[in-house]
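Working notes, beginning with the structure itself.
There are 2 protein chains.
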Amino acid sequence: MLRISKLTDYGTLILSQLPVTGSGLASAGAVSASTRLAQPTVSKLLKAMVRAGLVVSTRGATGGYALARPPADISAAQIIDALEGPVAITECSSASGACSLESTCRVGHAWQKINIGIRRALADVSLAALTTDAEPLPQVPNLRSSVLGPGCRVTSPERAR
Amino acid sequence: MLRISKLTDYGTLILSQLPVTGSGLASAGAVSASTRLAQPTVSKLLKAMVRAGLVVSTRGATGGYALARPPADISAAQIIDALEGPVAITECSSASGACSLESTCRVGHAWQKINIGIRRALADVSLAALTTDAEPLPQVPNLRSSVLGPGCRVTSPERAR
DNA sequence: GGTATAAGGGACTATTTTAGTACCCTTTGG
DNA sequence: CCAAAGGGTACTAAAATAGTCCCTTATACC
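In order, the protein sequence lines correspond to chains A and B.
According to our numbering, the first sequence is numbered sequentially starting from 1.
According to our numbering, the second sequence is numbered sequentially starting from 1001.
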C-alpha cells in the first residue's frame, strides 16, 4: 500500500543508533543489542548502507560502523535509495523513451509527475528530522508486544536473537 | 521500491476507458477488450472501485460501468485508496496511540510526516491529469513487447485473454 | 606470529504479499 | 425464462521481501 519496506524502517532505526564519524564506532553486535534486531539483519543493512556511502566502516578487531556525515545531511530519499533502489512509483517510470510506442503506457507516463513530487518530499526530510520527535514520547523501553494495541504491528520485531 | 502495485496501474488504465455517468455504460468485457487486460482482472478491479465509490454500475443484461464523476474530480489518492487500502508509508503510521510505549517506534513515528506530504501530493493529481498527457504521444496501438526497450516492462501485460 | 574479533560478500531459504483465476449467486432486459 | 452482465468469495500461483548462513578478509592484542 505504497509503503516502505520493513528493512528500510529498520535501516532508519539503525542509523539513529550510530555515532558520527570521529566520535567512535559501533559494532554490528552493539547495534543489534541496542535496536533489538537480529544481528544478521543488522549486518546486512549496514553493509548496504556502507555501499551507498551513508555509513563508513572500519574492519578488524576493534572495528565497527559510524555515520558518514551528520544526521542533518542524510535524507530520507538517500536511505530509501540505499535499501530499496531508486524510487519509481510505477515500473515504467524509471525507463524513458522506448515506451512511447506502447499505447497503454500513456497512463503510466503520468505517474512520473507524482513520482517527482514524492522524491522531492523525501529529499527534504533528514535523518535528524526523522529521529528527533517533536513530541518526545515517554521513554519506556523494553516493553514488547503485550502492550501494543491491535492494528499497530511492531515496526522492528523479528526476535531479539 | 515505494511503488504502486500493478493492479493500481491497471485500475487507472481502466478508469481512463470508462464513460462518465449519463453518457453510456461500458461492460467489463468491453473494457477488457479496449485495455487488453484479462477480463477476470478487469472485473475484480471494477468491483473494488464500485465499492469505493469511484465507479457506478448497472446490473442486468445491458448493464455495465461508468465513472461516478468527471475525471477531474477523481484523485490519484482515491484510486490508490480504493485498490490498495489507505496509504501508510510504514506499518505503524495508520495506527495512533498504542505505540507510544514502544521505544523503537520513535522512528516509525516520524515517517508519518512524510506520509502526509505524499498523501497531499497524491490528492492533488486528478485522473484527468493522469490520463491527459502533456505531450500527446504518437498513437500506434496494438504493438506489443517486441518494440519495448529493455528496462521498460510493460505496465499492463498479463495476456490479452 | 597466532588468535580472537569484526566487517565484506554472496548464496540460499522461508515467508509474505501480490497477481491472477474460478466458481457460484443475483439482477434484469428481451 | 434465458442469456448477459454485475456481485461476492475463495482459491492458486508467482514474485518480492525478509531473514539466515557460510566463508573470506582485515586488524588489534597477546
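Cβ atoms here follow ideal geometry from the backbone N, Cα and C, with glycine treated the same way.
Just so it is clear, the structure is predicted and the values come from calculations on it, not from any experiment.
Asked                                                                                                                                                                         : Found
Enumerate in chain order the residues of its own chain whose CB-to-CB distance from Thr1035(B) is below 8 Å, with the five nearest sequence positions on each side excluded.  : Tyr1010, Leu1013, Ile1014, Gln1017, Val1042, Ser1156
Less than 9 Å between CB atoms is the rule here; does Thr1012(B) satisfy it with respect to chain A?                                                                          : yes
Quick one: what's got a C-beta closer than 6 Å to Ala1052(B)'s C-beta in the same chain, skipping five residues either side?                                                  : Ala1082
Compare the C-beta of Asp9(A) with all C-beta atoms of chain B and state if any pair is closer than 9 Å.                                                                      : yes
Is the CB of Gly117(A) under 9 Å away from at least one CB in chain B?                                                                                                        : yes
Taking a Cβ distance cut-off of 8 Å, strictly less, list which residues of the segment 1018 to 1047 of chain B are near chain A, in chain order.                              : Thr1035, Arg1036
Taking the alpha carbon of Leu1025(B) as the reference point, which residue from Gly1117(B), Arg1059(B), Ala1072(B), Lys1006(B) has its own alpha carbon closest?             : Arg1059(B)
From the beta carbon of Val1055(B), is the nearest beta carbon of chain A less than 9 Å away?                                                                                 : no
In chain A, what lies closer than 7 Å to Leu1122(B) by C-beta?                                                                                                                : Ile114
Would DSSP call Ser23(A) helix, strand or coil?                                                                                                                               : coil
Count the other CB atoms within 10 Å of the CB of Thr1008(B); is the residue buried (16 or more) or exposed (fewer)?                                                          : buried
Drop a sphere of 10 angstroms on the beta-carbon of Ser32(A), count the other beta-carbons inside from all chains shown, and report buried for 16 or more, exposed for fewer. : buried
By the DSSP assignment, the alpha helix (DSSP H) with Thr12(A) in it spans what residues?                                                                                     : 6 to 17
Taking just the CA atoms, how far does Leu127(A) sit from Thr62(A)?                                                                                                           : 26 Å
Within 10 Å of its beta-carbon, does Gly1022(B) have 16 or more other beta-carbons around it, so buried, or fewer, so exposed?                                                : exposed
Candidates Leu1122(B), Asn1115(B), Asp1124(B): which alpha carbon is nearest Arg3(A)'s?                                                                                       : Asn1115(B)
Which whole runs of the beta strand (DSSP E) in the segment 1031 to 1069 of chain B are 3 residues long or more, in chain order?                                              : 1055 to 1058, 1064 to 1067
Leaving out five residues before and five after Ala48(A) in sequence, what residues of the same chain have Cβ atoms less than 7 Å from its Cβ?                                : Ala82, Leu83
Taking buried to mean at least 16 other C-beta atoms within 10 Å of its own C-beta, is Pro19(A) buried or exposed?                                                            : exposed
Using a Cβ-Cβ cut-off of 8 Å (strictly less than) and excluding sequence neighbours within five positions of Ser5(A), which residues of its own chain qualify?                : Leu83, Glu84
Less than 8 Å between the CB atoms is what I'm expecting for Val1056(B) and Ala1068(B), so what's the real figure, rounded?                                                   : 5 Å
I'd like the span of the alpha helix (DSSP H) that includes Ile1162(B), first residue to last.                                                                                : Given a span of 1001 to 1161 for chain B in the structure shown, any question on residue 1162(B) remains unanswerable.
Does Ala162(A) get closer than 9 Å to chain B when you measure Cβ to Cβ?                                                                                                      : In the structure as shown, chain A starts at 1 and stops at 161, and residue 162(A) therefore has no counterpart that could be examined.
Can you find a C-beta in chain A that's less than 9 Å from the C-beta of Leu1130(B)?                                                                                          : yes
Could one say the Cβ of Val125(A) lies closer than 9 Å to chain B's Cβ atoms, at least one of them?                                                                           : yes
Hey, quick one: how far does the alpha helix (DSSP H) through Thr132(A) stretch, first residue to last?                                                                       : That residue, Thr132(A), is in no alpha helix (DSSP H); it is neither H nor E in DSSP.
Considering Cα atoms alone, identify which of Val1125(B), Leu1037(B), Asp1124(B), Ala1028(B) is closest to Ala1066(B).                                                        : Ala1028(B)
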